[in-house]
């Protein structure tokens, strides 16, 4: 492998990431300036792409660091620690453009309302990232103490992290799309799946996929499928208003995305894994499934903004609804939101690309992963 | 002391005078309505009825927005009002999600770029009132607190052509509003959510 | 553009000739107003005034001005009508002041070519130049033939106080022209029936304090208009108090939803009302027989000529069954008047009028009516039966110690009934429903807007019809009124007709041509049945001047625009005549206290605009007519002791004929004449209003003063009018169809003394136009008042939250037949025009009707892009004579349409 060549390729990736990041920051600045039409967020869809990204990165972070902390040394623990920690940072960064007044964000840390579940996110995410860094330091510097400390703390906080977020959603009164306790299970299962996918992809790149990894990914895909079927089944048998958001996913404006999630994100990778074919594609599709799941979860809470009084309500700017209940318009992120979202991803890639070679002491970066993938493709 | 309101739906005619009164009093941004009136249509021809549903912040005693607010920007006053401290608000919009009454609003756009008269500059009226609506902050009905300080009723209460709103102290058992709530068996909206609203309704919602 | 106070005052009105009318908007900045004060010091003022965001003008308000910026408008708690409340329109008026589409200075046209889509090439001119130009043109007409001056006032009252210089269109009278025509006239023809039967004006009202059964046919009782001055509150009070509200309407309105909705096919009120009369007389035989016998002309004997048979005394005769002979109607020996039968009087066979009335209704069975109006026959029977039963015939009530008959039931009608080709007959017939149950002017029953002592007994013992129902006694030919008053002596003011005639006056053999047209607070294009006809008419006048608040259609076609204040900037007076929907609200003392003279303390104007009455005085001064004006004011001041009245100024307040007075000074002297020295302008500035009456509750009911006069059940005055007029019209030799849109025989049917069903053009439309289009009132969009279609608050909220706004409403059955989905853009097309808009599918519509709610749609782009694109109901109508009611001039406001996807 020509390190010089891969080094220049790495620089190109860094430059591309920096450009995307700059574009993202520009798009963010237009949003902050209050330019009309820069976001498609509204009073009926107060949360959207950014929160979905946060949830995705959080799941990625929690799952990856959990494995990195607990895994045996024959696993790519250090790479996972880096990816997990960077995901944690990205989760935090993804939230920033969602805040109307990002300069006051310090209040979350230093002047919090401790009874708000959102503060759990702040604490757990902070702890996760801190111990993620400690783990990286421990693993890369062979500092056993740090590694052992992280091995004790990280499994706890990486479980608490998605739990805290799940509580934030499930405890909001009257948000029928979020209030099911099932969602707590979904949060944990998604985090586990995301972490396993990272491991699976890394093993795939290294061309030594452990049989157990493949089986675990398949198992968690099936668990996710079971949870989806469980939710849909409950909704279809229920006549209550709490079933409406899930029904809306099946038929409404979000239906194409829902079916995309089920087929592309769950069924196809499951089949590929069961047939032992194209493990990398299966892994990437499964991660895509997690992204879409998070997106659908965020929008689901606001499909029926009016709860019971939404029955036979007519509001022209909103759509006509299922079973006589008024629905919010289908939320699709605006171009600016996409640019900001891509910027967050670019930042993640940039950080990994910068960090991995340094901590692993060799020219390992995103570029190597891509080269490896290319080789797999060639093979 | 807990300020509260009773809205008699059998008297509401859906004229939205309260909506405009709120607009005049608070000068909210284009498209933002702290006080709103929704239209419903119930039944089939010819046995059909138009119904209206005025709605604003319920100033809940057990306010989910206050609980969910991560920085304590949402708070209760001594009079039971739920208000937002703009200095503390980080604009996370969890309160918009927390409120089951859609009473929380958010200043997404700069009024200078989206003024009342499309394509024009802000009117002098907007310039005066705009300072109360900083971009990137959550806004909501403030129960016309300045009017209360002047001994007046909230703008929506005063303007209602059918006088379907009664305002007063819920903690005072002999206030007009307390008596009317008792006598009419008035109920708040979504009592089952445990939010303990300070706004009560008479009639079917 | 840097905004300074200087350039905004000087040049705010100047707009480019490139058609960017006022688009380069600059508001005077907040700092501009504050600049006079020290920084940081807030100057706050509260001004008492009254609201005119609807035509009712019955609400007083308080305006808060902070450093020159209007920051609040709210109801005046000290005024008895609105008690501190205001409706959405009244609240939204702040935006009118800051409307960027306003005319900001006097303007003159530079492009001689006129048209709605032609750029006028506006150039800002000084007030001096504007007024001199107008005065010169008017003086030319005055010196030549003053009849060629035409004055079009209107209801657009946020922009203008009604009627130049007080009531009675003083301006054209001073100039010497008979040609004034209120632009809204064709939609405001609601007076004829109440003028004739109740001798009251402008309309018949209910009595919410006592009424227990209100049959509202094609009209709202206050709630649909969300009036804040008591009627909304009153109707709610009545409902709480157990009143049944039955709304007969093609659309289930807010009010119908509060009460009981009876869907009816548009334009078929006449058969419905006739069937109610039929059921009462033929099936129930239950009505207030004492009232009909003693208090109506029903027992009067009618000769073969259809008029009263008169005795030696020349008095109408009544057959006394006790003595088997005819007696004078007021003979004290009269014991038992005959209501049925046929009698021999001298050589003539005579019948009691009641017989003729009843016989005329014989064929109008509920089954017959049901086919036409779609209301099931059983429902018609039920309504008739409930109506009569609720009237508590024979019962009495004590109010303020005075015993009145108690008739807590009333049938009310308005534009939904009157604005049809048969609307005159339907409206009068509805009044007869009330007469039958004897509820006229008694608690719970039917009243006129004007309170107190109104009834004048004529020599025949019958109520003297007032206003527009006054029988015709003169005929001039060739006509000198552009609105053909000669042919339509009972018309309210048919501006649509005026416009049609102005285009080719020679067709009606008129000897005059329009030379100068002045428009104030009206819009002859937009409210014309045919906007093209309005445009053509205005363009046919060599010189057009308009008082304009904004660049609307009439401003677009003017030669000179006199820039007008917005409502809040207009310091002016109003003679509020009283609530039009209900006499009472349930609050004791309300009726006798709520009528008032109002004054508005003006907010300083932000543009180079003026109050219109003051401008008119200035024009008269420049014409050299100030002495004529002052003489007119001396003879008939701005108002009298009662609404709709006038008195001469007291000697000590008489105007010096050669001195110029301001509008406020004229009012000052008027009020001092009526109320005394201390109640002049200063009093009004401080208090905002002064009560016209101070009547007790019992004194508010007209029957307290006169409980002997007879009301017409047999429409003798209408017949008398026709008997005089129709031969004269025939003598002209004109062809009715060609010149009047209907044969002279068909015209004669409108002058019959008894109700009769007629087939109209509406029902004879080609079959492909299978639906009936109507317009319905929206709380924030009706009557084209208050520039509500540009108001950004109104537009924004309604577009977001009111599904009826700017839409075409159809029943799901119609939607299914045409595969419409909610929100689809569809076209409604009549024989005469079309409009398009988004469809709103609603169960609240009659399945054979569609509704285009609100008064929306524009023909110019100078009021904003959004405003110009709105769905326009008027585009479906026809403004030619065949579609105007031949009696009151009202336009047929139902159109037969077909609908399809755009």
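Residue numbers (the working numbering), protein chains in the order written: chain A, 86 to 464; chain B, 94 to 298; chain C, 8 to 909.
In this text, a Cβ means the ideal position worked out from N, Cα and C, and glycines have one as well.
Give the residues of chain A in contact with residue i, contact being defined as C-beta atoms less than 8 Å apart.
i, result
"residue 808 of chain C", "400, 401 and 402"
"residue 107 of chain B", "Those do not exist, as residue 107 of chain B stays about 11 Å from chain A at its closest Cβ, beyond 8 Å."
Smallest Cα separation from residue i: which of the options?
i, options, result
"residue 350 of chain A", "A/374, A/341 and A/253", "A/374"
"residue 126 of chain C", "C/850, C/560, C/338 and C/477", "C/560"
"residue 396 of chain C", "C/528, C/473, C/471 and C/286", "C/286"
"residue 479 of chain C", "C/899, C/831, C/734 and C/787", "C/734"
"residue 364 of chain C", "C/649, C/440 and C/729", "C/440"
"residue 805 of chain C", "A/182, A/259 and A/403", "A/403"
"residue 714 of chain C", "C/411, C/567 and C/117", "C/411"
"residue 419 of chain A", "A/102, A/130 and A/181", "A/130"
"residue 748 of chain C", "C/889, C/122, C/717 and C/291", "C/889"
"residue 631 of chain C", "C/149, C/133, C/255 and C/110", "C/149"
"residue 272 of chain C", "C/576, C/852 and C/414", "C/852"
"residue 370 of chain A", "A/335, A/397, A/336 and A/279", "A/279"
"residue 494 of chain C", "C/190, C/320, C/732 and C/298", "C/732"
When burial is assigned at 16 or more other CB atoms within 10 Å of the CB, is residue i buried or exposed?
i, result
"residue 3 of chain C", "Since the displayed chain C opens at 8 and closes at 909, residue 3 of chain C lies outside it and no answer follows."
"residue 290 of chain B", "buried"
"residue 103 of chain C", "buried"
"residue 331 of chain C", "exposed"
"residue 184 of chain B", "buried"
"residue 19 of chain C", "Because residue 19 of chain C sits at a pLDDT of 40, beneath the cut-off of 50, its placement in the model cannot be relied upon, and the following sentence gives the value as read from the coordinates. Flag for residue 19 of chain C reads buried."
"residue 111 of chain A", "exposed"
"residue 613 of chain C", "buried"
"residue 723 of chain C", "buried"
"residue 199 of chain A", "exposed"
"residue 165 of chain C", "Residue confidence is low: residue 165 of chain C scores 38 on pLDDT, short of 50, so the model does not pin down where it sits. No coordinate-derived value is stated."
Suppose the cutoff is 6 Å on Cβ atoms and the five residues either side in sequence are ignored; what does the same chain contact list for residue i look like?
i, result
"residue 11 of chain C", "Unreliable placement is indicated for residue 11 of chain C, whose pLDDT of 35 sits below 50; no coordinate value is reported for it."
"residue 739 of chain C", "484"
"residue 426 of chain A", "134 and 138"
"residue 798 of chain C", "99 and 102"
"residue 230 of chain C", "239, 242, 261 and 262"
Report all residues from its chain with a CB closer than 7 Å to the CB of residue i; omit the five preceding and five following residues, and keep chain order.
i, result
"residue 591 of chain C", "214, 215, 216, 241, 597 and 598"
"residue 66 of chain C", "57, 58, 82, 88, 89, 93, 97, 235 and 236"
"residue 488 of chain C", "185 and 186"
"residue 280 of chain B", "293 and 294"
Please list, in chain order, the chain B residues whose beta carbon lies closer than 8 Å to that of residue i.
i, result
"residue 190 of chain A", "183"
"residue 219 of chain A", "Those within 8 Å of residue 219 of chain A in chain B number zero; the least Cβ separation is about 26 Å."
What does residue i reach in chain B if we use C-beta pairs closer than 9 Å?
i, result
"residue 382 of chain C", "Per Cβ cutoff of 9 Å: no residues; residue 382 of chain C is ~10 Å from chain B at best."
"residue 196 of chain A", "164, 165 and 181"
"residue 818 of chain C", "138"
Could you name the residues of chain C that residue i contacts, counting a contact when the two beta carbons are closer than 7 Å?
i, result
"residue 116 of chain B", "800"
"residue 252 of chain B", "81, 82, 92, 93 and 98"
Report the neighbours of residue i on chain C: residues whose CB is nearer than 8 Å to its CB, in chain order.
i, result
"residue 129 of chain B", "808"
message = If the cut-off is 9 Å on Cβ atoms, which residues from the segment 138-168 of chain B count as contacting chain C, listed in chain order?
response = 138, 139, 140, 141, 142, 143, 144 and 145
Near-chain B residues of the segment 112-128 of chain A (beta-carbon distance less than 9 Å), N- to C-terminal order = 116, 117, 118, 119, 120, 121, 122, 123, 124, 126, 127 and 128
ask   = Going along the chain, which residues of the segment 229-242 of chain C sit with their C-beta nearer than 7 Å to a C-beta in chain B?
value = Using a CB distance below 7 Å, the part of the segment 229-242 of chain C facing chain B consists of 230, 233, 234, 235, 239 and 240, ordered along the chain.
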